[in-house]
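Novice: Going by my numbering, the sequence shown runs without a break in its numbering and finishes at 227.
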Amino acid sequence: MPRMNILNTVEQEAFESAPVFNSFQRKQYFDFPQAIQQAAACLRTPANQLCFLLSCGYFKASKRFFPTRTFHPRDVEYVAGWTGLQPEEIKLDSYPKGTSSRHREFILDFYGFKPFRPHGRPLLAEEIARQVRSQIKPKVIFWRCVDVLMREKIEVPGYFSVAAQILRAIKSHNQMLAATIERTLDPAARTVLDDLLTQEPLAGDTVPGKTSAYTAFPLGRG
Numbered sequence: 006m007p008r009m010n011i012l013n014t015v016e017q018e019a020f021e022s023a024p025v026f027n028s029f030q031r032k033q034y035f036d037f038p039q040a041i042q043q044a045a046a047c048l049r050t051p052a053n054q055l056c057f058l059l060s061c062g063y064f065k066a067s068k069r070f071f072p073t074r075t076f077h078p079r080d081v082e083y084v085a086g087w088t089g090l091q092p093e094e095i096k097l098d099s100y101p102k103g104t105s106s107r108h109r110e111f112i113l114d115f116y117g118f119k120p121f122r123p124h125g126r127p128l129l130a131e132e133i134a135r136q137v138r139s140q141i142k143p144k145v146i147f148w149r150c151v152d153v154l155m156r157e158k159i160e161v162p163g164y165f166s167v168a169a170q171i172l173r174a175i176k177s178h179n180q181m182l183a184a185t186i187e188r189t190l191d192p193a194a195r196t197v198l199d200d201l202l203t204q205e206p207l208a209g210d211t212v213p214g215k216t217s218a219y220t221a222f223p224l225g226r227g
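1) Please state if the CB of Glu160 and the CB of Lys68 are separated by a distance shorter than 8 Å.
2) Please state whether the Cβ-Cβ distance between Thr73 and Cys56 is less than 8 Å.
3) Buried or exposed, going by whether 16 or more other CB atoms sit within 10 Å of the CB of Phe165?
4) Can you tell me whether Phe222 is buried or exposed? The criterion is at least 16 other CB atoms within 10 Å of its CB, across all chains shown.
5) Would you mind stating whether Tyr100 and Phe35 have Cβ atoms separated by less than 8 Å?
6) Can you find the residues in the same chain that come closer than 6 Å, C-beta to C-beta, to Ile175, ignoring five residues on each side of it along the sequence?
7) Once you ignore the five residues that flank Val153 on each side, which residues in its own chain have a CB closer than 8 Å to its CB?
8) With a CB to CB cut of under 6 Å and the five nearest residues on each side skipped, what residues in its chain are close to Glu18?
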C-alpha cells in the first residue's frame, strides 16, 4: 500500500512555514507585552533576542513553532526595527537548538499552552479513531485535529506528527475491517463476491483490462 499524503506538497510547505502577515497582522502579532519585552532584553545575543520575539509572534498567531529558515524577511525587519537591532548583522541560523528549546518552554508557559509531547497524541487518538470510523476524509481529519489542539491549548506540532497518527489509525481500521470480513464470510458469500468482482474482457481481448466492466450479477441468484 503506497504511502498516502494527507496534504499535497504545496499545502505541506505552507503548513511547515511561518505564517504570512499583512501589515495589520504584523503589528497585531508582534505587539509584545511587557513580560515578553523584558525576557527578550535579558537574552545574550541579538540573534537570540530576534528569534525569540519572532517565535513569540508566530506562536501567538498559529500556536506553532517554526524553523528560522522560514522566518519572513519583512517580519525580521519589522521586529528588528522595533527593538533597535540591525537585521543585516544578525544570522538567524546561529540560533542554538538548546536555546530555542528553552524559549519554546517559556513561550508555551506564557501563553498557557502545553507541549504536544506528551499531551497531544493521547488527546488526538480517540478523536482520530472516531473520525476514521465515520469515513471522514483524511485531510478533513487533519484540520480538525489542528482545531482540537488549539481549543485544548496544546501546541500544534509539525505536519508529519499529526499525519503519521492519522495514517496509523486508518491502517489499523482497515486491518480490523479485513479481519472482520475474513472471520464472518462463509464460503457461499465468498463465491458471490468473487463473481461480482469478475471483469469481462474487452472486445478482442482474452483477459480483462483495467477499464473492463464487471460481470453483471444475475437477478434471483443466491
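Note that CB positions come from ideal geometry on N, CA and C, so glycine has one too. Here the structure is a predicted model, which means the values were calculated and not measured.
Specialist: Taking the structure as given:
1) Reading the sequence shown from its first residue, position 63 is the one you call residue 68. Reading the sequence shown from its first residue, position 155 is the one you call residue 160. Yes. Within cutoff.
2) Numbered from its first residue, the sequence shown carries residue 73 at position 68. Numbered from its first residue, the sequence shown carries residue 56 at position 51. Cβ atoms of Thr73 and Cys56: closer than 8 Å.
3) Position 160 of the sequence shown, counted from the first residue, corresponds to residue 165. Burial call: exposed.
4) Counting from one through the sequence shown, the residue named residue 222 turns up at place 217. Here Phe222 scores only 49 on pLDDT, less than 50, and its place in the model is too uncertain to base an answer on.
5) Taking the sequence shown and counting its residues from 1, one reaches residue 100 at position 95. Taking the sequence shown and counting its residues from 1, one reaches residue 35 at position 30. Going by C-beta atoms, Tyr100 is not nearer than 8 Å to Phe35.
6) Mapped onto the sequence shown, residue 175 falls at position 170. The residues are Val137.
7) As a working mapping, residue 153 is identified with position 148 in the sequence shown. Result list for Val153: Leu128, Leu129 and Glu132, in chain order.
8) Along the sequence shown, one-based indexing puts residue 18 at 13. Answer for Glu18: no residue qualifies.
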